[in-house]
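In the numbering used here, the protein residues as written are 2 to 91.
Even glycine gets a Cβ: it sits at the ideal position worked out from N, Cα and C.
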């Protein structure tokens, strides 16, 4: 559970953050860790949104144009494609 930092630069940085925040070194490390985790969550969400946009663009360009004139599948056809007709026979 303990954290022992043996890097002088890191100790100095944490000390300065603690001084400016008016908190302890432990409080400073906690605050910095929380902030960084929040930043990582935002980056992860941004990455996810970028992948969704990229996938949607690919579908719009390469797949959807080929499906414009197709009729919708019937429930029976959809079940057959998904294998539901075998898993859940009527």
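Item, Value
"Beta-carbon separation (whole angstroms), residue 26 vs residue 19, contact threshold 8 Å", "5 Å"
"Burial state of residue 15 (16 or more Cβ within 10 Å)", "buried"
"From 30, 10, 17 and 24, residue whose alpha carbon lies closest to that of residue 3", "30"
"Residue 85 - containing alpha helix (DSSP H), residue span", "85 to 88"
"Proximity below 9 Å, CB of residue 32 to CB of residue 22", "yes"
"As assigned by DSSP and simplified to three states, the class of residue 28", "helix"
"Inter-residue Cα distance where the pair is residue 39 and residue 78", "45 Å"
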